[in-house]
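Novice:
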Amino acid sequence: MLVLSNVHAFYGNIQALKGISLEIKEKEIVTLIGSNGAGKTTTLKTIAGLLRPKTGSIQFNGEEIGNKSAPEIVKLGISLSPEGRQVFPRMTVLENLEMGAFSRKDKAEMNGSFERIYALFPRLYERKHQAAGTLSGGEQQMLAIGRALMSKPKLLMLDEPSLGLAPLLVETIFQLIREINEQGTTILLIEQNARMALMIAHRCYVLETGKIVLADDAKHLLESDAVKKAYLGE
1 MLVLSNVHAF YGNIQALKGI SLEIKEKEIV TLIGSNGAGK TTTLKTIAGL LRPKTGSIQF
61 NGEEIGNKSA PEIVKLGISL SPEGRQVFPR MTVLENLEMG AFSRKDKAEM NGSFERIYAL
121 FPRLYERKHQ AAGTLSGGEQ QMLAIGRALM SKPKLLMLDE PSLGLAPLLV ETIFQLIREI
181 NEQGTTILLI EQNARMALMI AHRCYVLETG KIVLADDAKH LLESDAVKKA YLGE
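In full-length UniProt numbering, the protein residues as written are 1 to 234.
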């Protein structure tokens with residue numbers, strides 16, 4: 001579904017990605033783990049068209065997307081729920097969700113998406129006329145994921161969905177991620193809680209300073225002594 005081949009990306013003169021190659025297959029959950037500054041968020045931004053790769057190839061369903069704009073990439077079926085939620089605080093929950101559907105024209109299909117979002121996140125239905133800035137952190141995270149789903153993505157990218165949430169809410173968010181995947185959406189996940197990420201993912205890539213240093217089934221990495229020591233606090 002998604003293939004990155006030898007992708008290099010820069011912020012000005014600073015090289016953030018140093019030859020990233022990875023593959024995501026349809027209906028998988030793939031997680032990227034690594035310390036702060038390893039290049040995880042940069043990888044998502046580069047896939048989403050928010051940062052152009054300097055060299056290398058990014059292909060989505062056989063089509064090169066490394067040269068496409070962010071709106072074009074959304075229309076092709078890739079959506080990003082960014083780190084820090086970044087909801088529109090003065091707009092209502094409903095208006096935020098509508099913003100996620102900017103690329104869609106079919107009203108009947110959109111209504112179906114609203115129903116799906118409200119079924120996944122009943123709290124958003126209860127709060128749909130409330131300003132997003134007045135929601136709790138957990139509710140804002142649900143809204144950020146719901147907004148990303150409104151574009152009906154084939155690939156949903158989640159950047160730190162559990163950041164700053166209470167432990168009970170973290171479990172809820174991960175259950176919802178699994179449910180979204182079981183409904184047929186492929187997921188690329190960045191998550192500071194590496195243990196939780198590895199528990200729900202099918203495969204994992206480990207990044208260090210802009211390079212992939214490990215790639216394996218998530219179950220194997222969960223049992224790896226090196227990964228336990230470096231990323232699971234054991």
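Idealized CB from N, CA, C, for every residue including glycine.
For H220, which of helix, strand or coil comes out of DSSP?
Specialist: Reduced to three states, the DSSP call for H220 is helix.
Novice: With distances taken between CB atoms, is the gap from S162 to Q192 smaller than 9 Å?
Specialist: Yes, the Cβ-Cβ distance between S162 and Q192 is below 9 Å.
Novice: Does the segment 78-92 come within contact of the segment 117-131, defined as at least 3 CB pairs closer than 8 Å?
Specialist: The answer is yes - the segment 117-131 touches the segment 78-92, with three or more Cβ pairs under 8 Å.
Novice: Along the chain, where does the alpha helix (DSSP H) that runs through L124 open and close?
Specialist: Note, L124: alpha helix (DSSP H), P122 to E126.
Novice: Taking C-alpha atoms, which residue in S151, V206 and R123 lies nearest to M110?
Specialist: Considering only alpha carbons, the answer is S151.
Novice: Which same chain residues end up closer than 7 Å to A48 when comparing Cβ atoms and leaving out the 5 residues on each side of it in sequence?
Specialist: Within the same chain, A48 has close Cβ partners A70, I73, I78, L80 and M157.
Novice: Is DSSP giving E208 helix, strand or coil here?
Specialist: The answer is strand: DSSP assigns E208 an E or B state.
Novice: According to the neighbour-count rule (16 or more other Cβ atoms, all chains shown, within 10 Å of its Cβ), is A226 buried or exposed?
Specialist: Burial call: exposed.
Novice: Indicate whether the contact test is met: 3 or more Cβ pairs, each with one atom in the segment 24-35 and one in the segment 183-191, closer than 8 Å.
Specialist: Yes, the segment 24-35 touches the segment 183-191.
Novice: Assign V213 to one of two classes, buried (16 or more other C-beta atoms within 10 Å of its C-beta) or exposed (fewer than that).
Specialist: Burial call: exposed.
Novice: Under the assumption that L124 contacts L143 (Cβ atoms under 8 Å), give the Cβ distance between them as a whole number of angstroms.
Specialist: Yes, they are in contact, since the Cβ atoms of L124 and L143 sit about 6 Å apart, within 8 Å.
Novice: Please look up how many angstroms separate the CB atoms of H8 and G84, rounded, as I've assumed it's under 8 Å.
Specialist: Wrong, their Cβ atoms sit about 26 Å apart, outside the cutoff.
Novice: Could you name the residues of the same chain whose beta carbon sits closer than 6 Å to that of G138, not counting the 5 residues immediately before and after it, in chain order?
Specialist: Closer than 6 Å at the Cβ level, and outside the excluded window around G138, lie L165 and L169.
Novice: Work out the CA separation of I14 and D217 for me, nearest whole Å.
Specialist: Distance between the alpha carbons of D217 and I14: 31 Å.
Novice: What are the start and end residues of each continuous beta strand (DSSP E) run of 3 or more residues lying completely inside the segment 105-170, in chain order?
Specialist: Runs found: 155-159.
Novice: Quick one: measure Cβ to Cβ for G210 and L2, integer angstroms, because I've assumed they're closer than 8 Å.
Specialist: No, G210 and L2 are not in contact; Cβ-Cβ is about 19 Å, not under 8 Å.
Novice: If you follow the alpha helix (DSSP H) that D40 is part of, which residue opens it and which one closes it?
Specialist: A small fix is needed here, since residue 40 is Lys in this sequence, not Asp. Where K40 is concerned, the enclosing alpha helix (DSSP H) stretches over K40 to A48.
Novice: Assign E179 to buried or exposed, taking buried as 16 or more other Cβ atoms, counted over all protein chains shown, within 10 Å of its Cβ.
Specialist: So E179 ends up on the exposed side.
Novice: Buried or exposed, going by whether 16 or more other CB atoms sit within 10 Å of the CB of N6?
Specialist: Exposed: under 16 other Cβ atoms inside 10 Å.
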